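Trainee: Take a look at this one; I'll ask things after.
Protein chains in written order, with this note's numbering: chain A, 13 to 399; chain B, 13 to 399.
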């Protein structure tokens, strides 16, 4: 008897561990069993936790003998399931597997009446599915699934070492499924936390935004525009940013005006121009933002955008009067988006202009107030009709 | 030749997949190899990405022959590493493994001069470590580690199927290491995101807190006290809460006054009592908080604490006048913590009282304004000197 398919199947089972979506690989395994072991059909019953049911997930075989997927569902009352889940006499199994001709003989041996009843019902199930061997997969005490094998195409029996090999294979499959589930759970959890963070920041930033009557909706527009500018810059020079940069830009955009929470409403919402004292208070907002966010180590890079978004390319900005490329790019991007949005909305000191007029203004101050490449990116977005 | 250790080692290697800290299991594997295969010593060289070096991570063997851990470090220049990493003539290996007596003979065979040079240097390395077989572990193209085996204690050669088995084992180990690293990375990422969320919420809540001159530091004290009360309630009745409840309570505590951001500063910081109109505006803050947080699906349960933290047990609270157990427990807990903190701090309408006086007041209104069991938990915390 040859186990020449052994190595191929083993390596497929091992690879499942690193493919964290084992469905595809289980299909491959079943297909390989059908072809290499030359059985009439093969399938895998997989446990569905939500439904407490075993569902035929993959099934392959000669035409007519393939059990329709989703057709076979076995709940915990099913005799086959009860047999593998329960504490029955181990001797009805071959090394843990239920093999039809072996088990059939057991009906006439010395086993308890209950086990005999259950076994009879299970064998009847196997007859319906034309299944010769059922190989269970456990993780610890839990039955994760059952590999179902039809008869061999040459009608020979399964050899002992073949069955042993399938038992080992089924345990690999169980391990892979378990591992994939743990991964999936972790990934879902991570996704959830990411969304929670962004959503909460958005909500709180919007609430703070709403305090300043003149800048309603400003934050979300600045975020959107900043990200568009960054993507435009990336088109030209791929190496400038990575995912992390975009994530930081997103956060910095959301929080760039967070320091305004520390500015009195009377200044924030004053109609008409601010006096020198008020202007000074207002210009404190980037550093107030830094004070709020500084304790959060993970936001270190994003905070640069908050701190320097009122710096100007020619050095005439605040709080530090940084010049040119000394200003972190994250801040230069927010600055352009912020300036553009200020021009197209009503402010105490001016009426809203059209986007076209705003773009002309941006072009005029590019290289003076604003970083020239960043300003150019915005101009291009406008020309392409994207803003 | 017997491979009677095979099953044990195989099952150990498989189990590594689910133990996401493989160090312990690698140690076990090496120890088992030494004992079962009866080699003089065995060790694993593991790749350290940060240092671009292979470090002897575990090593076991007869006294004197055990290579001191951390002693053996091989960088990418080491001939042994270059041999396994490079594209050398495959025929110097036995099924991918470098076996001393086999490889030694190769020096006189038809291999390129470069390979011969490298092989000579590698064999010299093996002599130094008294190593008879080096079995590499790859993940895709990357050399993750090398299993080093000393000679057998009975001085026999390794049989072909033994070597084949070790090659398969080494590939299991590589798979387990790779899998564990992916898990570790995901877990670290998840931890980071959790911290980021909590830290940002803390920072923003504190900033909003700071707007209300009377309640500086109030939020963090309410969070602390609420969590202490919940733990006290859990001591009495384990089934009341789970981790998720505590997490929601933490978030709800942080955000319970978030709606105050929508209340004018003139009302928030008014000295002396509020008039009816102002009081009405002030009492809007729980529902304003709900409006801010409502879009965040993940905060659904926490929002109940924000919405109902001004409800009273006897139904005299706001916004809905809920009574008794109709008030979500999360809100009843925040309510007790909030009330206690209000009493012990200066407010526009009263001077701060001592903790003892505050506890007496809580006792007096327990079952009227406040949920009796929750109030009792606070009284017990006070008696135990915990608050």
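The beta carbon of each residue, even a glycine, is placed where N, CA and C say it ideally should be.
As the structure is a computational prediction, the values presented were derived from the model and not from experiment.
1. Give a yes or no on whether 8 Å exceeds the smallest Cβ distance from residue 201 of chain A to chain B.
2. Output the distance between the C-alpha atoms of residue 285 of chain B and residue 360 of chain B, rounded to the nearest integer angstrom.
3. How many angstroms separate the CA atom of residue 303 of chain A from the CA atom of residue 330 of chain A?
4. Return the residues of the segment 207 to 220 of chain A that lie within a Cβ-Cβ distance of less than 9 Å from chain B, sorted by chain order.
5. Against chain A, does residue 2 of chain B count as a neighbour if the rule is that its beta carbon must be under 8 Å from one of theirs?
6. Counting along the chain, where does the beta strand (DSSP E) carrying residue 31 of chain A start and finish?
7. Tell me whether residue 184 of chain A is buried or exposed, calling it buried when 16 or more other Cβ atoms sit within 10 Å of its Cβ.
8. What residues from chain A crowd round residue 305 of chain B, counting only those whose CB sits closer than 7 Å?
9. Say whether the segment 258 to 271 of chain B touches the segment 298 to 316 of chain B, bearing in mind that this needs 3 or more beta-carbon pairs closer than 8 Å, one atom from each stretch.
10. Report the residues of the segment 374 to 385 of chain B with a CB closer than 8 Å to any CB of chain A, ordered along the chain.
11. If you follow the alpha helix (DSSP H) that residue 218 of chain B is in, where does it begin and where does it stop?
12. If you reduce the DSSP assignment to three classes, tell me which class residue 69 of chain A lands in.
13. How many angstroms separate the CA atom of residue 228 of chain B from the CA atom of residue 352 of chain B?
14. How far does the alpha helix (DSSP H) with residue 145 of chain B in it reach, from first residue to last?
15. Name the residue from B:70, B:245, B:61 whose alpha carbon lies nearest to the alpha carbon of residue 45 of chain B.
16. Please return the same chain residues whose Cβ sits closer than 6 Å to the Cβ of residue 87 of chain A, not counting the five positions on each side in sequence.
17. I'd like the list of long-range same chain contacts for residue 84 of chain B, defined as Cβ closer than 6 Å, with 5 residues on each side in sequence excluded.
18. If you run the structure through DSSP and keep just helix, strand and coil, what is residue 52 of chain A?
19. Which value, in whole angstroms, describes the spacing of the CA atoms of residue 384 of chain B and residue 268 of chain B?
20. Does the segment 112 to 123 of chain B come close enough to the segment 131 to 142 of chain B to have 3 or more Cβ pairs within less than 8 Å?
21. With burial defined as no fewer than 16 other Cβ atoms inside 10 Å of the residue's Cβ, what is the status of residue 381 of chain A: buried or exposed?
22. Going by the beta-carbon positions, is the gap between residue 270 of chain B and residue 318 of chain B smaller than 8 Å?
23. Go ahead and label residue 148 of chain A buried or exposed: buried means 16 or more other beta carbons lie within 10 angstroms of its beta carbon, across all protein chains shown.
24. Please list the residues of the segment 286 to 299 of chain B that have a C-beta atom closer than 9 Å to any C-beta atom in chain A, keeping them in chain order.
25. Do residue 186 of chain A and residue 157 of chain A have their beta-carbon atoms positioned less than 8 Å apart in this structure?
26. Residue 254 of chain B: buried (16+ other C-beta within 10 angstroms of its C-beta) or exposed?
27. Please state whether the Cβ-Cβ distance between residue 345 of chain A and residue 272 of chain A is less than 8 Å.
28. Within 8 Å (strictly less), CB to CB, does residue 204 of chain A reach chain B?
29. Using the Cα positions of residue 301 of chain A and residue 321 of chain A, report the straight-line distance between them to the nearest angstrom.
30. To the nearest angstrom, report how far apart residue 326 of chain A and residue 210 of chain B are at their CA atoms.
31. CB residue 378 of chain B to CB residue 389 of chain B, shorter than 8 Å?
32. Would you say residue 249 of chain B faces chain A, with C-beta separation under 8 Å as the test?
33. What are the boundary residues of the alpha helix (DSSP H) that includes residue 317 of chain A?
34. Would residue 159 of chain B and residue 56 of chain B qualify as a contact pair, given that the criterion is a beta-carbon distance under 8 Å?
35. Bridge partners for residue 57 of chain B per DSSP, in chain order?
36. According to the Cβ coordinates, are residue 207 of chain B and residue 310 of chain A closer than 8 Å?
Mentor: The structure says:
1. The residue given as residue 201 of chain A occupies position 189 in the first chain. Yes, because at least one Cβ of chain B sits closer than 8 Å to the Cβ of residue 201 of chain A.
2. Counting from one through the second chain, the residue named residue 285 of chain B turns up at place 273. Counting from one through the second chain, the residue named residue 360 of chain B turns up at place 348. Spanning the two alpha carbons is a distance of roughly 7 Å.
3. Taking the first chain and counting its residues from 1, the one referred to as residue 303 of chain A is at position 291. Taking the first chain and counting its residues from 1, the one referred to as residue 330 of chain A is at position 318. Computed Cα separation, rounded: 16 Å.
4. 207, 208, 209, 211, 212, 213, 214, 215, 216, 217, 218, 219, 220
5. The first residue shown for chain B is 13 and the last is 399, placing residue 2 of chain B beyond what the model contains.
6. By 1-based counting over the first chain, the position of residue 31 of chain A is 19. Run containing residue 31 of chain A: none; DSSP gives neither H nor E here.
7. Taking the first chain and counting its residues from 1, the one referred to as residue 184 of chain A is at position 172. By the neighbour-count rule (16 or more Cβ atoms within 10 Å), residue 184 of chain A is buried.
8. If you number the second chain from 1, residue 305 of chain B lands on position 293. Within 7 Å Cβ-Cβ: 215.
9. yes
10. none
11. The sequence position of residue 218 of chain B within the second chain is 206, counting from 1. Segment 172 to 223, the alpha helix (DSSP H) holding residue 218 of chain B.
12. Within the first chain, numbered from 1, the residue matching residue 69 of chain A stands at position 57. Three-state result, residue 69 of chain A: strand.
13. Translated into positions along the second chain, residue 228 of chain B becomes position 216. Translated into positions along the second chain, residue 352 of chain B becomes position 340. Residue 228 of chain B and residue 352 of chain B: Cα-Cα distance of roughly 15 Å.
14. For the purposes of this step, residue 145 of chain B is taken as the residue at position 133 of the second chain. Segment 143 to 151 is the beta strand (DSSP E) holding residue 145 of chain B; no alpha helix (DSSP H) there.
15. Walking along the second chain from the start, residue 45 of chain B turns up at place 33. Comparing Cα-Cα distances from residue 45 of chain B to each of B:70, B:245, B:61, the minimum goes to B:70.
16. Position 75 of the first chain holds residue 87 of chain A. So the qualifying residues of the chain are 65.
17. One-based indexing of the second chain puts residue 84 of chain B at position 72. Only 68 meet the Cβ criterion.
18. The count along the first chain starts at 1 and reaches residue 52 of chain A at position 40. The answer is coil: DSSP assigns residue 52 of chain A none of H, G, I, E or B.
19. Numbered from its first residue, the second chain carries residue 384 of chain B at position 372. Numbered from its first residue, the second chain carries residue 268 of chain B at position 256. Taking the straight line joining both Cα atoms gives about 21 Å.
20. yes
21. Against the first chain, residue 381 of chain A aligns to sequence position 369. The residue is buried, with at least 16 neighbouring Cβ atoms inside 10 Å.
22. In the second chain, residue 270 of chain B corresponds to position 258, counting from 1. In the second chain, residue 318 of chain B corresponds to position 306, counting from 1. In contact: residue 270 of chain B and residue 318 of chain B (Cβ atoms closer than 8 Å).
23. Here residue 148 of chain A refers to the residue found at position 136 when the first chain is read from its first residue. Counting Cβ neighbours within 10 Å, residue 148 of chain A comes out buried, since at least 16 surround it.
24. none
25. The residue labelled residue 157 of chain A in the question sits at position 145 within the first chain. The residue labelled residue 186 of chain A in the question sits at position 174 within the first chain. It is a contact, given that the beta carbons lie within the stated cut-off.
26. If you number the second chain from 1, residue 254 of chain B lands on position 242. The residue in question, residue 254 of chain B, is exposed, as its Cβ has fewer than 16 Cβ neighbours within 10 Å.
27. For the purposes of this step, residue 345 of chain A is taken as the residue at position 333 of the first chain. For the purposes of this step, residue 272 of chain A is taken as the residue at position 260 of the first chain. Result no, Cβ atoms of residue 345 of chain A and residue 272 of chain A do not sit closer than 8 Å.
28. Here residue 204 of chain A refers to the residue found at position 192 when the first chain is read from its first residue. It does: the Cβ of residue 204 of chain A has a partner Cβ on chain B nearer than 8 Å.
29. Translated into the one-based positions of the first chain, residue 301 of chain A becomes position 289. Translated into the one-based positions of the first chain, residue 321 of chain A becomes position 309. Roughly 11 Å between the two C-alpha positions.
30. Within the first chain, the letter at position 314 stands for residue 326 of chain A. Within the second chain, the letter at position 198 stands for residue 210 of chain B. In a straight line, the C-alpha of residue 326 of chain A is about 38 Å away from that of residue 210 of chain B.
31. For the purposes of this step, residue 378 of chain B is identified with residue 366 of the second chain, where counting begins at 1. For the purposes of this step, residue 389 of chain B is identified with residue 377 of the second chain, where counting begins at 1. No, the pair does not count as a contact, with Cβ atoms beyond the cut-off.
32. Here residue 249 of chain B refers to the residue found at position 237 when the second chain is read from its first residue. Residue 249 of chain B does not count as touching chain A.
33. Residue numbering aside, residue 317 of chain A sits at position 305 when the first chain is read from its first letter. Run containing residue 317 of chain A: 312 to 319, per the alpha helix (DSSP H) assignment.
34. Your numbering for residue 159 of chain B matches position 147 in the second chain. Your numbering for residue 56 of chain B matches position 44 in the second chain. Yes, the pair counts as a contact, with Cβ atoms nearer than the cut-off.
35. As a first step, residue 57 of chain B is located in the second chain; it is residue number 45 there, counting from the start. Looking at the DSSP assignment, residue 57 of chain B forms a beta bridge with B:68, B:158.
36. Against the second chain, residue 207 of chain B aligns to sequence position 195. Against the first chain, residue 310 of chain A aligns to sequence position 298. Yes, the Cβ-Cβ distance between residue 207 of chain B and residue 310 of chain A is below 8 Å.
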